[in-house]
Ligand SMILES: [Cu+2]
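Residue numbers (our numbering): 49 to 113.
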């Protein structure tokens with residue numbers, strides 16, 4: 049689940065080895081917006097990103113074991 053605690057649009061995508069995991073994107077358009085998704089991922093290391101232009105610093109490592 050993603051909750052927007054900011055006043056601008058954000059997204060949440062999952063990337064592995066530079067390739068976006070298909071058919072998964074959460075979008076929160078304004079403050080207080082909530083988006084929920086479910087995905088099954090193979091064990092491995094992923095990067096969670098926001099693909100809004102200028103938000104390239106918004107990323108985190110996701111480890112699935
Ligand atoms: Cu963002």
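The beta carbon of each residue, even a glycine, is placed where N, CA and C say it ideally should be.
beta-carbon residue i near ligand 1 non-hydrogen atom, thresh 6 Å
i	result
residue 100	yes
residue 49	no
Cβ pair residue i, residue j closer than 7 Å
i	j	result
residue 69	residue 59	no
residue 123	residue 50	In the structure as shown, the chain begins at 49 and stops at 113. Residue 123 is therefore absent and cannot be evaluated.
residue 81	residue 96	no
residue 89	residue 73	no
Helix, strand or coil at residue i according to DSSP, with G and I counted as helix
i	result
residue 113	coil
residue 55	coil
residue 75	strand
residue 62	strand
Distance between beta carbons of residue j and residue i, contact taken as under 8 Å
i	j	result
residue 52	residue 79	6 Å
residue 113	residue 77	Wrong, their Cβ atoms sit about 33 Å apart, outside the cutoff.
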